[in-house]
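One structure is given here, and the rest of the page talks about it.
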Amino acid sequence: MYKSEAASWFRIYEMFEFGSFHMYGIIGSALVLGVIGIFFIKKFNIKAIGGQDMSLAPKDKSIARYLFGGILFGLGWALAGACPGPMYVLAGAGFLPILVVIGGALLGTFVYGVLKSKLPH
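Residue numbers (the working numbering): 887 to 1007.
The structure is reproduced here in structure tokens:
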């Protein structure tokens, strides 16, 4: 992710301005590979490493769930300047201030776990 510049704040900013195909190409290729992988898992009934069946349960459809969750995720992404995957890449590349962002993300995940039973699902 570092070499492809997917963790670059400039590339992320450029993506939101629709200034380049670079990030859309990375995200699009990941999407295509994911679809192909799921297709093969279902078609050939591929088992998990432990021999268990892999099941892909359908998600509950709820506008509020995805709208509010997406807004919170997007705001966190915008404030941090990095989405969750590249945060760890940036830490590994030596950008130590990102550790504050990783700490905030972990704290947010913990708070969600505490409040999960009180939130609409």
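By construction, the Cβ of each residue, glycine as well, lies at the ideal position given by its N, Cα and C atoms.
According to DSSP, what are the bridge partners of residue i?
i, result
"residue 946", "Residue 946 pairs with nothing; no bridge assigned."
"residue 1004", "DSSP lists no partner for residue 1004."
"residue 933", "939"
Please report how far the alpha carbon of residue i lies from the alpha carbon of residue j, in whole angstroms.
i, j, result
"residue 934", "residue 918", "21 Å"
"residue 980", "residue 894", "13 Å"
"residue 923", "residue 992", "29 Å"
"residue 1001", "residue 959", "16 Å"
"residue 927", "residue 916", "16 Å"
"residue 939", "residue 946", "21 Å"
"residue 990", "residue 996", "10 Å"
"residue 985", "residue 977", "7 Å"
"residue 966", "residue 948", "27 Å"
"residue 999", "residue 955", "14 Å"
"residue 1068", "residue 1003", "This structure cannot speak to residue 1068, because the chain is shown only from 887 to 1007."
Under the rule that 16 or more other beta-carbon atoms within 10 Å means buried, what is residue i, buried or exposed?
i, result
"residue 983", "exposed"
"residue 973", "buried"
"residue 942", "exposed"
"residue 968", "buried"
"residue 898", "buried"
"residue 892", "buried"
"residue 921", "exposed"
Pick helix, strand or coil for residue i, following the three-state DSSP scheme.
i, result
"residue 889", "coil"
"residue 915", "helix"
"residue 955", "helix"
"residue 926", "helix"
"residue 996", "helix"
"residue 1008", "Since the first and last residues shown for the chain are 887 and 1007, residue 1008 lies out of range."
"residue 982", "coil"
Start and end of the alpha helix (DSSP H) containing residue i?
i, result
"residue 976", "970-978"
"residue 900", "895-902"
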